[in-house]
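Report on the structure given below.
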Amino acid sequence: MAYRQMFKTQTRHMSSNSRKFFVGGNWKCNGSLSQVNELVGMLNTAKIPTNVEVVVAPSQVHAATVKASLRPDVHVSGQDVWKHGNGAFTGETSAEMLKDLGVEYTLVGHSERREKGESNEVVAEKAAYALEKGLGVIACIGESKEDREANKTVAFITKQLDAYAAKIKDWTNVVIAYEPIWAIGTGLTASPEQAQEVHANIRTWLKEKVSSKAAERTRIIYGGSVGANNAPELAEKIDIDGFLVGGASLKPDFLQIINAQSPTANVGGAVNVAINGFGRIGRLVLRAATTNPLINIVAINDPFITTTYMEYMLEYDTPSRRPQRPTHGWDPDCSLGGIFSKYQANVSQTGTRECAQVCPEPSSIRLEFAIRFLDRKSLSRVG
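So the sequence shown is residues 1264 to 1646, counted in our numbering.
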């Protein structure tokens, strides 16, 4: 059955007052204990709007540690849950166990779980049991690249939604996460218009298959290579009520995504350090950033240092001594006199905008030249 798009006009996000903006961070199978503590520290010092609900999903191994040390207004989620209670289910985690840790949510139906053979019916059973035991459920759906190219997106996700509807009786504590499989961890992302169209279809499905009340109140969030660069534009769409974030939730970028509805906000959390050269201090700062996700290195052009030199050093002078080619060229007109205010990632710009560089593979060298909402007061210059 094909569902209509409910809203033809794309406007700034006008979500119902009953739908609080939701940002979830799925840490997946990542992080040592020290890295998890750094991420918790980043969140604990961040500025989080009161109109945004933030949830993080650490590995089950780290869930207790995160819950014990995380600020109370940020919730913790499981990454998966079993469809039954405690028992002889080796390797599984029950809803009772998650509740015992103080966990408030759980993911179900993520594509990385479905690809291991979980059917729509099993996923729905997990969701229903978790809800019965008092957990909120982040119910994942999404189509493959082949289904998208064959114009079968709506048909594919409708089957997934129908399976949930067959088991879930009360949708009050359900968040639907639309994550197109082809966009997860690939760097590809649905355009804001593509995402809005699917979200509108999901809301229509809720109205026709569940209730008008559920359609009005259920939050539908987008996932799939969400980053600080595309989150603000996605957040403007009327049926996008938030995000489920993967890799970017392990970086300071997560704070920008949390604040996507106010993209000029000072988000706190990470320390912004600017280097305009590669002297002794600049190199020390560069290396310190490789092990600390709370340090953002922003390279800016000094009038006395050529952009060619800066680009060369950023490309070849890495801690691993492996060439890391920048994704964009440098703007020779952007100097220390610029005003750093408006965010746009991966772009070197002129005048009142950023002049910075993002490394394409930060995970390989643990270093990211992140562009932040900088102003002259928050920018610390290191020579």
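Backbone N, C-alpha and C fix where the C-beta goes; we use that ideal spot for every residue, glycine too.
Report task. Give the DSSP-derived three-state secondary structure of Leu1451 in the structure shown. Result -> coil
Query raised in the report: Hey, Arg1466 and Ala1478 are a contact pair by Cβ (cut 8 Å); roughly how many whole angstroms apart?
Result: 5 Å
Query - Distance between Asn1464 and Lys1472 (C-alpha atoms, nearest Å) - result: 12 Å
Requested in this report: Return the first residue and the last residue of the beta strand (DSSP E) that Thr1356 is part of.
Outcome: Counting along the chain, Thr1356 falls outside any beta strand (DSSP E), and DSSP gives it neither H nor E.
Requested in this report: Taking Ala1491 and Phe1506 to be in contact with their CB atoms under 8 Å, please state how far apart those CB atoms are, rounded to whole angstroms.
Outcome: At roughly 11 Å, the Cβ-Cβ gap does not stay under 8 Å, so Ala1491 and Phe1506 are not in contact.
**Report entry** Residue interval of the beta strand (DSSP E) (run including Arg1482)
**Finding:** 1482-1486
Query raised in the report: Is DSSP giving Ser1340 helix, strand or coil here?
Result: strand
Query raised in the report: Shortest alpha-carbon distance to Glu1442 belongs to which of Val1324, Glu1355, Leu1364, Gly1509?
Result: Gly1509
Query raised in the report: Would DSSP call Thr1467 helix, strand or coil?
Result: helix
**Report entry** Beta-carbon gap between Val1437 and Ala1402 smaller than 9 Å
**Finding:** yes
Query - Buried versus exposed call for Thr1481 [16 or more other C-beta atoms within 10 Å across all chains shown] - result: buried
Requested in this report: Please state whether DSSP places Glu1316 in a helix, a strand or coil.
Outcome: strand
Report task. Take the Cβ of Trp1593 as the centre, count every other Cβ of all protein chains shown within 10 Å, and call the residue buried at 16 or more, exposed below. Result -> A caution first: Trp1593 carries a pLDDT of 34, below 50, which makes its placement in the model unreliable, though a value can still be read off. That one is buried.
Query raised in the report: Of the residues Asp1433, Gly1341, Met1360, which one's Cα is nearest the Cα of Glu1395?
Result: Asp1433
Query raised in the report: Less than 9 Å separating the beta-carbons of Ala1309 and Leu1518?
Result: yes
Requested in this report: Decide if Asn1314 is buried, meaning its Cβ has at least 16 other Cβ atoms within 10 Å, or exposed.
Outcome: exposed
Query raised in the report: Would you say Val1344 and Lys1389 are within 9 Å of each other, going by their C-beta atoms?
Result: yes
Query raised in the report: Alpha carbon to alpha carbon, what distance is there between Ile1501 and Thr1449?
Result: 25 Å
Query raised in the report: Ordered along the chain, which non-local residues of its own chain (more than five positions away) have a Cβ less than 7 Å from that of Ala1428?
Result: Lys1472, Val1473
Report task. Please state if the CB of His1338 and the CB of Glu1378 are separated by a distance shorter than 9 Å. Result -> no
Query raised in the report: By DSSP, does Ala1498 sit in helix, in strand, or in coil?
Result: helix
**Report entry** Expected contact under 8 Å - CB spacing of Gly1294 and Pro1312 to nearest Å
**Finding:** That belief does not hold up - the Cβ atoms of Gly1294 and Pro1312 are roughly 25 Å apart, past 8 Å.
Requested in this report: Report all residues from its chain with a CB closer than 7 Å to the CB of Asp1410; omit the five preceding and five following residues, and keep chain order.
Outcome: Thr1416, Phe1419
**Report entry** For Ser1407, the nearest candidate out of Val1299, Ser1357, Leu1451, Ser1512 (CA to CA)
**Finding:** Leu1451
Requested in this report: State yes or no: is the C-beta of Gln1298 within less than 9 Å of the C-beta of Leu1513?
Outcome: yes
**Report entry** Outcome for Pro1244 when other beta-carbon atoms lying within 10 angstroms are tallied against a minimum of 16
**Finding:** Lying outside 1264 to 1646, the shown extent of the chain, residue 1244 is not represented and no answer is given.
Query raised in the report: In three-state DSSP terms, what is Ile1431?
Result: coil
Query raised in the report: Ala1242: buried (16+ other C-beta within 10 angstroms of its C-beta) or exposed?
Result: No information on residue 1242 is available, as it lies outside the stretch 1264 to 1646 that the chain covers here.
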